[in-house]
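**Student:** Dropping the structure in here first, questions after.
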Amino acid sequence: MRVSILITVLAVVISFAKAYDPSPLQDFCLAIDDPKNAVFVNGKLCKDPKQAKAEDFFYSGLNKAGNTNNDVKSNVTTVNVDQIPGLNTMGISLVRIDYAPYGQNPPHTHPRATEILVLLKGTLYVGFVSSNQDNNRLFAKVLQPGDVFVFPIGMIHFQVNIGKTPAVAFAGLSSQNAGVITIADTVFGSNPPINPEVLAMAFQLYVNVVKDLEAKFKN
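Numbering follows our numbering, in which position 5 of the sequence shown is assigned residue number 53; successive positions increment by one, without gaps.
Encoded structure:
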């Protein structure tokens with residue numbers, strides 16, 4: 049019951065904000081993979097609205113914890129236009145984030161969305177870093193259950209579970225497909241790799257250290 053109320057609140061809050069995605073010019077544009085008798089809107093093909101059904105606006109499963117057995121000890125369960133076709137052109141999506149003790153959602157950005165996060169369980173240390181023009185200031189807080197924090201669009205941000213027990217958060221994003229760029233994976237795990245000498249100068253590291261990092265993040 050508590051989860052459903054918080055999800056509803058997130059949806060209402062973001063619905064009042066101006067979405068980053070273009071506004072639709074019809075009631076809905078249900079994403080579809082079949083190109084026959086479809087139009088292309090916001091990166092998705094749309095089926096005839098007359099064929100819409102409740103399932104096009106429905107997803108089940110956010111009550112289930114994600115698998116945090118990985119290197120960063122966290123899991124993000126995404127509900128965007130790929131899971132709910134009816135989100136196409138709506139400018140909104142949702143994620144559930146599970147954190148094992150001391151797990152983290154590592155520094156990353158969403159190129160197309162602002163994020164508003166509410167903590168349901170556990171204790172998180174969260175924050176974002178502003179742009180170069182703002183002198184890369186860190187804005188950070190320790191969150192307790194019921195606390196809310198906003199990560200502005202495009203800002204590098206993170207969450208860390210600083211507790212000894214699992215943590216759970218939900219977040220709304222102002223895009224049907226916010227995108228995600230994980231900093232370490234992108235910089236050191238690009239395909240093909242960035243020239244190690246470039247990264248060595250950028251990060252003030254020895255070239256061999258960069259090569260070791262690229263080997264670690266490869267694939």
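Using N, Cα and C, we set each Cβ at its ideal position, and we do this for glycine too.
Determine the extent of the beta strand (DSSP E) in which A221 is found, giving its start and end residues.
**Tutor:** The sequence given here places Leu at residue 221; Ala does not occur at that position. From DSSP, the beta strand (DSSP E) with L221 extends over 215-221.
**Student:** Once the 5 residues before and after P155 are set aside, which same chain residues still bring their CB inside 6 angstroms of it?
**Tutor:** I204, F206, I231
**Student:** Round the Cβ separation of R144 and T157 to the nearest angstrom and send it over; I've been treating them as touching at under 8 angstroms.
**Tutor:** At roughly 20 angstroms, the Cβ-Cβ gap does not stay under 8 angstroms, so R144 and T157 are not in contact.
**Student:** What did DSSP end up calling G134 once you bin it into helix, strand or coil?
**Tutor:** helix
**Student:** Measuring CB to CB, does Q224 end up less than 8 angstroms from G139?
**Tutor:** yes
**Student:** Using DSSP with H/G/I as helix, E/B as strand and the rest coil, what is L165?
**Tutor:** In this structure, L165 counts as strand in the three-state DSSP scheme.
**Student:** When DSSP builds the beta bridges, which residues end up paired with Q152?
**Tutor:** V208
**Student:** A215 to L168, Cα distance in whole Å?
**Tutor:** In a straight line, the C-alpha of A215 is about 8 angstroms away from that of L168.
**Student:** Ordered along the chain, which non-local residues of its own chain (more than five positions away) have a Cβ less than 6 angstroms from that of A100?
**Tutor:** L78
**Student:** Pop quiz: N128 and K92 are said to be a contact at Cβ under 8 angstroms. What is the actual Cβ separation, rounded to whole angstroms?
**Tutor:** At roughly 11 angstroms, the Cβ-Cβ gap does not stay under 8 angstroms, so N128 and K92 are not in contact.
**Student:** Give me the Cα-Cα distance between L73 and V196, rounded to the nearest whole angstrom.
**Tutor:** Any reading at L73 needs caution, since the residue's pLDDT is 45, under 50, leaving its predicted position unreliable; the model's value is listed next. Between L73 and V196, the C-alpha separation is close to 32 angstroms.
**Student:** Report the residue from P133, E245, Y107 whose alpha carbon sits nearest the alpha carbon of I80.
**Tutor:** P133
**Student:** Given that a residue counts as buried once 16 or more other Cβ atoms are within 10 Å of its Cβ, and exposed if not, what is S179?
**Tutor:** Exposed.
**Student:** Identify which residue in L142, T171, Y150 has its Cα closest to the Cα of D119.
**Tutor:** Y150
**Student:** What is the residue span of the beta strand (DSSP E) that K264 lies within?
**Tutor:** Element bounds for K264: not the beta strand (DSSP E) but the alpha helix (DSSP H), 255-265.
**Student:** May I ask you to report which of helix, strand or coil DSSP gives I231?
**Tutor:** helix
**Student:** How should K95 be labelled, buried or exposed, when 16 other C-beta atoms within 10 angstroms of its C-beta is the threshold for buried?
**Tutor:** Result: buried.
**Student:** Does DSSP put V57 in a helix, in a strand, or in coil?
**Tutor:** Here the model assigns V57 a pLDDT of 49, short of 50, so the residue's position is not dependable and the matter cannot be decided.
**Student:** Which two residues bound the contiguous beta strand (DSSP E) that contains F197?
**Tutor:** 196-199
**Student:** Where does P11 land, buried or exposed, given buried means 16+ other C-beta within 10 angstroms?
**Tutor:** Absent from the structure is residue 11, since the part of the chain shown begins at 49 and ends at 267.
**Student:** So, are the CB atoms of N209 and A263 less than 8 angstroms apart?
**Tutor:** no
**Student:** Would you check if the distance between the CB atom of G220 and the CB atom of L142 is smaller than 8 angstroms?
**Tutor:** yes
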